[in-house]
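**Q** Taken in order, these protein sequences are the chains called R and U. Note that the numbering used here has the first sequence beginning at 2, numbered continuously upward. Note that the numbering used here has the second sequence beginning at 2, numbered continuously upward. Ideal Cβ placement from N, Cα and C applies to all residues, glycine included.
Number of protein chains: 2
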Amino acid sequence: MTTINDIIALCKRRGFIFTGSEIYGGLAGTYDYGPYGVELMKNIRNAWWNAMVYGRDDIEGLDAALISNRLLWKYSGHESSFSDPLIECKKCGARMRQDKMKDPKKCDTCGSADLMPPREYQLMMGLSVGAIAGGEINAYLRPETATTTFTNFKNVLDSVPHKLPFGIVQIGKAFRNEISPRGFVFRMREFEQAEMQYFVKPGTDEKWWEEWKKIRMNWWISSLGIPAKKLRLTPHEKLAHYAKAAVDIEYEFPDGFDEVEGIHNRQDFDLGSHTKSQKEFNLAAKVLDNTDSINKLSYSDPQTGDNFIPYVVETAMGVNRAMLAVMLNAYAEEDLGDGKSRVVLKLKPSLAPVKAAVIPLARNVPELISSAENLASQLRKLGLGRIEMENSGNIGKNYRRHDEIGTPVCITIDHQSMEDGMATLRHRDTMAQERIKISDIPEKIKDIIM
Amino acid sequence: MTTINDIIALCKRRGFIFTGSEIYGGLAGTYDYGPYGVELMKNIRNAWWNAMVYGRDDIEGLDAALISNRLLWKYSGHESSFSDPLIECKKCGARMRQDKMKDPKKCDTCGSADLMPPREYQLMMGLSVGAIAGGEINAYLRPETATTTFTNFKNVLDSVPHKLPFGIVQIGKAFRNEISPRGFVFRMREFEQAEMQYFVKPGTDEKWWEEWKKIRMNWWISSLGIPAKKLRLTPHEKLAHYAKAAVDIEYEFPDGFDEVEGIHNRQDFDLGSHTKSQKEFNLAAKVLDNTDSINKLSYSDPQTGDNFIPYVVETAMGVNRAMLAVMLNAYAEEDLGDGKSRVVLKLKPSLAPVKAAVIPLARNVPELISSAENLASQLRKLGLGRIEMENSGNIGKNYRRHDEIGTPVCITIDHQSMEDGMATLRHRDTMAQERIKISDIPEKIKDIIM
Numbered sequence: 002m003t004t005i006n007d008i009i010a011l012c013k014r015r016g017f018i019f020t021g022s023e024i025y026g027g028l029a030g031t032y033d034y035g036p037y038g039v040e041l042m043k044n045i046r047n048a049w050w051n052a053m054v055y056g057r058d059d060i061e062g063l064d065a066a067l068i069s070n071r072l073l074w075k076y077s078g079h080e081s082s083f084s085d086p087l088i089e090c091k092k093c094g095a096r097m098r099q100d101k102m103k104d105p106k107k108c109d110t111c112g113s114a115d116l117m118p119p120r121e122y123q124l125m126m127g128l129s130v131g132a133i134a135g136g137e138i139n140a141y142l143r144p145e146t147a148t149t150t151f152t153n154f155k156n157v158l159d160s161v162p163h164k165l166p167f168g169i170v171q172i173g174k175a176f177r178n179e180i181s182p183r184g185f186v187f188r189m190r191e192f193e194q195a196e197m198q199y200f201v202k203p204g205t206d207e208k209w210w211e212e213w214k215k216i217r218m219n220w221w222i223s224s225l226g227i228p229a230k231k232l233r234l235t236p237h238e239k240l241a242h243y244a245k246a247a248v249d250i251e252y253e254f255p256d257g258f259d260e261v262e263g264i265h266n267r268q269d270f271d272l273g274s275h276t277k278s279q280k281e282f283n284l285a286a287k288v289l290d291n292t293d294s295i296n297k298l299s300y301s302d303p304q305t306g307d308n309f310i311p312y313v314v315e316t317a318m319g320v321n322r323a324m325l326a327v328m329l330n331a332y333a334e335e336d337l338g339d340g341k342s343r344v345v346l347k348l349k350p351s352l353a354p355v356k357a358a359v360i361p362l363a364r365n366v367p368e369l370i371s372s373a374e375n376l377a378s379q380l381r382k383l384g385l386g387r388i389e390m391e392n393s394g395n396i397g398k399n400y401r402r403h404d405e406i407g408t409p410v411c412i413t414i415d416h417q418s419m420e421d422g423m424a425t426l427r428h429r430d431t432m433a434q435e436r437i438k439i440s441d442i443p444e445k446i447k448d449i450i451m
Numbered sequence: 002m003t004t005i006n007d008i009i010a011l012c013k014r015r016g017f018i019f020t021g022s023e024i025y026g027g028l029a030g031t032y033d034y035g036p037y038g039v040e041l042m043k044n045i046r047n048a049w050w051n052a053m054v055y056g057r058d059d060i061e062g063l064d065a066a067l068i069s070n071r072l073l074w075k076y077s078g079h080e081s082s083f084s085d086p087l088i089e090c091k092k093c094g095a096r097m098r099q100d101k102m103k104d105p106k107k108c109d110t111c112g113s114a115d116l117m118p119p120r121e122y123q124l125m126m127g128l129s130v131g132a133i134a135g136g137e138i139n140a141y142l143r144p145e146t147a148t149t150t151f152t153n154f155k156n157v158l159d160s161v162p163h164k165l166p167f168g169i170v171q172i173g174k175a176f177r178n179e180i181s182p183r184g185f186v187f188r189m190r191e192f193e194q195a196e197m198q199y200f201v202k203p204g205t206d207e208k209w210w211e212e213w214k215k216i217r218m219n220w221w222i223s224s225l226g227i228p229a230k231k232l233r234l235t236p237h238e239k240l241a242h243y244a245k246a247a248v249d250i251e252y253e254f255p256d257g258f259d260e261v262e263g264i265h266n267r268q269d270f271d272l273g274s275h276t277k278s279q280k281e282f283n284l285a286a287k288v289l290d291n292t293d294s295i296n297k298l299s300y301s302d303p304q305t306g307d308n309f310i311p312y313v314v315e316t317a318m319g320v321n322r323a324m325l326a327v328m329l330n331a332y333a334e335e336d337l338g339d340g341k342s343r344v345v346l347k348l349k350p351s352l353a354p355v356k357a358a359v360i361p362l363a364r365n366v367p368e369l370i371s372s373a374e375n376l377a378s379q380l381r382k383l384g385l386g387r388i389e390m391e392n393s394g395n396i397g398k399n400y401r402r403h404d405e406i407g408t409p410v411c412i413t414i415d416h417q418s419m420e421d422g423m424a425t426l427r428h429r430d431t432m433a434q435e436r437i438k439i440s441d442i443p444e445k446i447k448d449i450i451m
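1. May I ask you to list, following chain order, the residues of the stretch 47-65 of chain R that have a beta carbon less than 9 Å from some beta carbon of chain U?
2. Along the stretch 301-323 of chain R, where does the CB come closer than 9 Å to a CB of chain U? Name the residues.
3. Any residues in the stretch 264-279 of chain R with a beta carbon nearer than 7 Å to a beta carbon of chain U? Which ones, in chain order?
4. Using a Cβ-Cβ cut-off of 6 Å (strictly less than) and excluding sequence neighbours within five positions of Trp-220 (chain U), which residues of its own chain qualify?
5. Decide if Pro-144 (chain R) is buried, meaning its Cβ has at least 16 other Cβ atoms within 10 Å, or exposed.
6. Grab the span of the alpha helix (DSSP H) containing Met-328 (chain R) for me, first residue to last.
7. Does DSSP put Pro-86 (chain R) in a helix, a strand or coil?
8. Under 7 Å Cβ-Cβ, which residues of chain U neighbour Ile-24 (chain R)?
9. Is the beta carbon of Ile-24 (chain U) sitting closer than 8 Å to the one on Gly-38 (chain U)?
10. Confirm, please, whether the CB-CB distance from Met-125 (chain R) to Lys-91 (chain R) is below 8 Å.
11. Give me the subset of the stretch 87-109 of chain R whose CB atoms are less than 9 Å from a CB atom of chain U, sorted by chain position.
12. Please check if any C-beta of chain R sits within less than 8 Å of the C-beta of Tyr-32 (chain U).
13. My parser needs the alpha helix (DSSP H) runs of 4 or more residues fully inside the stretch 129-175 of chain R; what are they?
14. Which first and last residues belong to the alpha helix (DSSP H) in which Lys-447 (chain R) is found?
15. Just mark Ala-10 (chain U) as buried or exposed, buried being the case when its beta carbon has 16 or more other beta carbons within 10 Å.
16. Would the stretch 407-422 of chain U and the stretch 354-361 of chain U be scored as touching if the rule is three or more Cβ pairs under 8 Å?
17. Using a Cβ-Cβ cutoff of 7 Å, what residues of the stretch 71-88 of chain U are near chain R? List them in chain order.
18. In the DSSP assignment, the beta strand (DSSP E) including Gln-268 (chain U) goes from what residue to what residue?
19. Rounded to the nearest angstrom, what separates Arg-401 (chain R) and Leu-369 (chain R) at their Cα positions?
20. Is there a C-beta anywhere in chain U that falls below 8 Å from the one on Met-42 (chain R)?
21. Expressed to the nearest angstrom, what Euclidean distance is found between the alpha-carbon atoms of Trp-50 (chain R) and Pro-162 (chain R)?
22. What's the call for His-416 (chain U), buried or exposed, on a 16-neighbour Cβ count within 10 Å?
23. Looking at C-beta atoms only, is the number of pairs between the stretch 240-260 of chain R and the stretch 210-230 of chain R that lie closer than 8 Å three or more?
24. Anything in chain U within Cβ reach of Phe-19 (chain R), meaning under 8 Å, just list it in chain order.
25. By a C-beta neighbour count over all protein chains shown, 10 Å radius and 16 as the cutoff for buried, is Leu-337 (chain R) buried or exposed?
26. Alpha carbon to alpha carbon, how far is Thr-4 (chain R) from Gly-26 (chain R)?
27. Rounded to a whole number of angstroms, what is the C-alpha to C-alpha distance between Thr-425 (chain R) and Glu-179 (chain U)?
28. Just list the residues that DSSP pairs Thr-413 (chain U) with in beta bridges.
29. Could you tell me the alpha carbon to alpha carbon distance between Val-345 (chain R) and Ala-331 (chain R), rounded to whole angstroms?
30. In the stretch 380-413 of chain U, which residue ranges form an unbroken beta strand (DSSP E) of at least 3 residues, counting only runs that do not cross its ends?
31. Kindly examine the ligand NAD and report whether one of its heavy atoms sits closer than 7 Å to the Cβ of Pro-182 (chain U).
32. Can you find a CB in chain R that lies within less than 8 Å of the CB of Leu-28 (chain U)?
33. Just reading off the alpha helix (DSSP H) that Val-366 (chain R) is part of, what are its end residues?
34. Taking the alpha-carbon positions, what's the Asp-421 (chain U) to Asn-399 (chain U) distance?
35. Got a sec: is the Cβ-Cβ distance from Val-248 (chain U) to anything in chain R below 8 Å?
36. So which residues on chain U does Lys-174 (chain R) lean against when the C-beta distance must stay under 8 Å?
See the structure below:
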C-alpha cells in the first residue's frame with residue numbers, strides 16, 4: 002500500500018518537490034517544485050485549460066493579481082469571517098487550532114490545562130502596499146481566486162461578447178495563513194487553485210450545478226486517468242450561508258477519502274456582494290451593504306431587456322492536490338523476481354514530465370551520440386514537451402530513473418542501430434522491448450503520448 | 002506613432018489587461034490579465050520555456066514558492082540593501098523617490114521646499130507567517146526568482162544528474178513595493194520574471210556571458226518577432242558590487258530605449274552567499290558570513306575531484322515587459338480609404354491569443370452553424386491553442402475584433418459552402434481572402450501557426 006511518505010521520498014529523490022526555504026530550515030506550508038514537478042503541474046494545468054477553455058465556446062480565461070485592495074476582501078466577507086479558532090497554551094506557548102485539538106481541554110504539546118480562551122485567527126495574509134501606507138494593512142494576498150473573478154465580471158463581459166450562461170476561469174496562486182499546514186502538499190500556506198465561475202440565469206442554477214458535477218467528475222477520470230472507484234461525491238454537511246448546494250469530489254488518499262475539488266451553487270451572493278446599487282436588484286443572498294463598488298455587476302437579457310444579477314455555479318480544484326492524487330494513483334513498487342524490484346510511476350502519458358528518453362547504449366561513442374541527438378531533435382520538433390538525452394553509459398540506471406519519473410518510453414541506440422537503422426523501444430509499464438525503425442519512431446511516440 | 006495610451010486603450014477594450022482591483026478604485030502597480038492577455042502571456046512563457054528547457058539538454062526547470070524564509074533575503078543581501086531613497090514632504094505629506102524627483106529640493110506635488118531628510122525605503126514586502134509569528138516579519142514575498150534558484154542548486158543537482166555547465170530556470174511572480182509604479186505594466190509592484198541561472202566553471206564565465214548575450218538577443222528576434230533594429234545591448238553604467246559584467250537588452254519603447262532583459266556575470270556571489278562552510282572555498286565575491294545555511298552549494302568535478310563554487314551567468318527577462326514590447330511592435334492603425342481605418346495587431350501567429358476564428362455568415366442558420374462547429378472542432382484537435390466560434394451574424398464586426406486581438410485567420414462559412422464545400426479564408430495582415438476547400442483548412446492553419 003502506497004503511503005504519503007513513499008511519495009515524499011520520491012519527490013525529493015527525483016526532483017519533483019522540495020521543502021520550501023529548506024536550506025534555512027524551511028518555512029512550514031511552502032514547497033518548491035523541482036524539474037519534474039514543474040512539468041507535471043504544467044501538464045495538469047494544461048489538461049484543465051484545454052478542457053475548460055480551448056475545448057468549449059462559453060468559457061474565458063483570466064489571471065488576476067495575487068495582491069488586491071483590502072476592500073475586495075471586506076465585501077467578500079473574508080476580512081470579518083475568514084478565520085480559525087486559535088487556542089494558546091499559557092504554560093508552553095504552543096498555538097493550536099481549537100477544532101483540531103486531540104482534547105480541547107488540554108494542550109496538545111505539554112498537556113497543561115491552563116489554556117487561553119479561544120480567539121479568531123485571521124487566515125488572510127495582510128500587506129502594507131505603497132509608500133503612503135506607512136505600515137498599515139491596506140491589501141491582502143488572495144485566499145482564493147474566485148473573488149478576483151467576480152470583480153472582473155463586467156470587464157470580461159464588456160470586452161468579449163457572451164450571452165448567459167458563460168464562465169470565467171483562473172488558475173493561480175492563493176495564500177492562507179493556516180495554523181497547522183499538514184499532509185505534505187495537501188494543506189499548504191501557499192497553494193494553487195484552478196477555479197471556474199459559471200454565470201447562469203436564476204432558475205437554471207440547479208440544472209447547471211448537476212451538469213458541472215458530471216463534467217468535472219468525468220475530467221478527473223478521463224484527463225487525469227484516475228479510476229472512478231477512487232473518486233466519490235460527498236455533499237457538504239453544513240452549507241455556507243450563501244450556498245444553495247455544495248458537493249466535494251473526494252479522492253481516496255492513503256488515510257481515506259478527502260477533498261480535491263468543490264462544486265458549489267453560490268446563487269447571487271458574489272456578484273451581489275460586489276455590485277454597486279445593490280438595492281436595484283432583488284438579491285436572494287444576504288450581503289454586506291456595499292458603499293465602495295464603482296460598477297454594476299449585472300447582466301441585461303438581450304431578448305427581454307431584463308437587468309439582473311446572474312447566479313454562479315463554481316468548480317474549485319486544488320492543483321497541488323490533483324498532482325498528489327495523480328502521483329499516488331500512478332505509484333507502484335513491483336517485484337521483478339530474483340530479489341529485484343522497481344518503483345514506477347504509471348502516469349497517463351500526456352501528464353508525464355518527460356515524454357521520451359533517448360539513450361546511446363555506450364558512452365562517448367560519437368556515432369551513437371550523434372544518431373541519438375538526431376532522433377532527440379526530431380522528437381523535440383513534435384512539440385509534445387520534454388525529451389531527454391542520456392549519456393551516462395549505464396542503461397540500467399537510466400531505466401530505473403525514467404521508471405521513477407514516469408517516462409512512458411525509452412529508446413536505445415546501439416551499435417547494431419548503425420547497421421540496420423533500428424532502435425530498441427522500451428515501454429515503461431510492461432517493460433516490453435521492441436525493435437523498431439528509427440525513422441518510424443516520431444510517429445510511434447506521437448501515438449503513445451497524444 | 003503608437004503610444005502607450007493606444008495599447009492601454011486596446012488592452013481594456015479588447016480584454017487583454019485591466020487595472021487591478023479596479024472596482025474598488027484600483028491598487029497601484031497591480032494589473033489583472035483578461036481573456037486575451039492570459040493567452041498572450043502564456044504563449045510568450047511557452048516560447049521561452051520551449052527555447053530554454055525543451056530545446057536543450059542542459060537546462061532544468063524550477064518553480065519555487067513566492068513566500069520564503071527571512072534568512073534567504075538576509076543572506077542574499079536584500080534585507081539590508083534592497084531599498085530606494087524616500088523623501089517625504091512635510092507640508093502635503095507626498096512621498097517621492099529621491100532619484101526620480103523633478104527638482105530634488107522641492108516637492109513634486111506642492112512645490113514646498115520643506116522636505117524630510119531622505120531615508121532608505123525597503124522594497125521587499127514582509128509577511129508574518131504562521132500562528133507563532135505573532136505579527137513579526139519572518140518571511141518575504143520574493144523580489145526576484147533568482148535567489149530561490151540558487152538555494153535549490155543542490156536539490157536540483159542531487160536529483161537530476163548534470164555536469165557543468167548547466168542551468169536552472171524559473172518563470173514566476175515577484176514583488177517589489179515600488180514607491181512610484183509607472184508606465185502601465187512596465188514597472189509594477191507585482192510582476193512576472195523569466196530567469197535563468199547558468200552554472201559554469203570559473204574561467205569560462207566570460208565566454209558564456211558572451212554566448213548568452215547572443216542566444217537571448219536572437220530569441221527576442223526569432224521567437225517574439227521583434228525586428229533587430231528595435232533592440233540594442235547597453236552595458237550597465239555602474240556594476241553591482243558582485244557583478245563582473247552586466248548588459249541590458251533594451252527595446253525601443255515610444256519614450257525611448259528601455260530595459261526588457263538583463264544578462265549578468267554574477268561570479269560566485271550567490272552560491273557563495275548561501276553556502277554552508279564558506280571558508281572552505283576561495284570565494285571571489287564579497288559575501289556576508291553565513292551561519293545559518295545547512296547545505297554546501299559546491300560542485301565536484303568528476304574528473305579532477307576538485308570541489309568548488311561555480312560561477313553564475315544570469316539572464317533575467319521581464320515577462321510583462323516582453324508582452325508590452327510585443328504588443329507595441331505589432332500594433333498598427335491602417336487607413337483603408339473612404340474614410341475607413343482599422344486597428345490591427347500583427348502578432349507572430351504562434352503568439353496570437355486566438356489562432357483562428359470560424360464564422361458562419363448568417364446567424365441562427367442551423368446548417369451553417371453545424372458546418373462551422375464541425376470545422377472548429379477539427380481545428381481544436383490540432384492542439385494549437387484557442388479557436389473561436391462566432392455567431393453574431395455581423396461579419397464586419399467580427400473581422401474588426403479579430404484584427405484588434407491579432408487572430409491570424411478568419412474562416413467564413415456561407416451558403417455557397419453548403420454546395421461546394423469551400424470556405425473563405427481571410428488573412429489578418431493583408432486582408433486578402435481566398436476560397437479554399439474546407440477539408441484542406443486544418444493543414445493550412447497548421448502551416449500558418451506553427
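**A** Result, derived from the coordinates:
1. Of all residues in the stretch 47-65 of chain R, those with a C-beta nearer than 9 Å to a C-beta of chain U are Trp-50, Asn-51, Val-54, Tyr-55, Gly-56, Asp-58, Glu-61, Gly-62, Leu-63, Asp-64, Ala-65, reading in chain order.
2. Those residues of the stretch 301-323 of chain R that come within reach of chain U (Cβ to Cβ, closer than 9 Å) do not exist; the list is empty.
3. Against chain U - using a Cβ distance shorter than 7 Å - the residues of the stretch 264-279 of chain R are His-275.
4. For Trp-220 (chain U), where only same-chain residues beyond five positions count, the Cβ hits under 6 Å are Ala-52.
5. Sixteen is the threshold: when 16 or more other Cβ atoms of the shown chains lie within 10 Å of the Cβ of Pro-144 (chain R), as they do, the residue is buried.
6. Going by DSSP, Met-328 (chain R) is part of the alpha helix (DSSP H) stretching over 320-331.
7. DSSP, read as helix, strand or coil, puts Pro-86 (chain R) in strand.
8. Thr-152, His-275, Ser-294, Ile-295, Asn-296, listed in chain order.
9. Pairing Ile-24 (chain U) with Gly-38 (chain U) gives a Cβ-Cβ distance that is not under 8 Å.
10. No. Outside cutoff.
11. Contact residues of the stretch 87-109 of chain R toward chain U are Leu-87, Glu-89, Gly-94, Ala-95, Arg-96, Met-97, Arg-98 (C-beta to C-beta distance below 9 Å).
12. At a cut-off of 8 Å between C-beta atoms, Tyr-32 (chain U) counts as an interface residue with respect to chain R.
13. Counting only runs of 4 or more, we get 147-151, 154-160.
14. Segment 442-450, the alpha helix (DSSP H) holding Lys-447 (chain R).
15. Ala-10 (chain U) comes out exposed.
16. Result yes; three or more Cβ-Cβ pairs closer than 8 Å.
17. Close to chain R, meaning a Cβ-Cβ distance shorter than 7 Å, are the following residues of the stretch 71-88 of chain U: Leu-72, Leu-73, Leu-87.
18. Bounds of the beta strand (DSSP E) holding Gln-268 (chain U) are 257-268.
19. Straight across, the Cα-Cα distance linking Arg-401 (chain R) with Leu-369 (chain R) is about 21 Å.
20. Closer than 8 Å to some Cβ of chain U, the Cβ of Met-42 (chain R) qualifies, so yes.
21. So the two alpha carbons sit approximately 20 Å from each other.
22. With fewer than 16 Cβ atoms within 10 Å of its Cβ, His-416 (chain U) is classed as exposed.
23. As far as the Cβ criterion goes, the stretch 240-260 of chain R touches the stretch 210-230 of chain R, which means the pair count is three or higher.
24. Residues of chain U passing the Cβ test: Asn-153, Asn-156.
25. When all chains shown are included, Leu-337 (chain R) counts as exposed.
26. So the alpha carbons of these two residues sit roughly 24 Å apart.
27. Straight-line Cα distance between these residues: approximately 57 Å.
28. According to DSSP, Thr-413 (chain U) bridges with U:Ile-360, U:Thr-425.
29. Using only the alpha carbons, I get a separation of about 8 Å.
30. Runs found: 387-390.
31. Here there are no bound small molecules, and the ligand NAD is not part of this structure.
32. At a cut-off of 8 Å between C-beta atoms, Leu-28 (chain U) counts as an interface residue with respect to chain R.
33. Looking at the DSSP string, Val-366 (chain R) is not in any alpha helix (DSSP H), and its letter there is neither H nor E.
34. The straight-line gap from Cα to Cα measures roughly 24 Å.
35. With 8 Å as the cut-off, Val-248 (chain U) does not count as an interface residue toward chain R.
36. What Lys-174 (chain R) touches in chain U: Leu-67, Lys-174.
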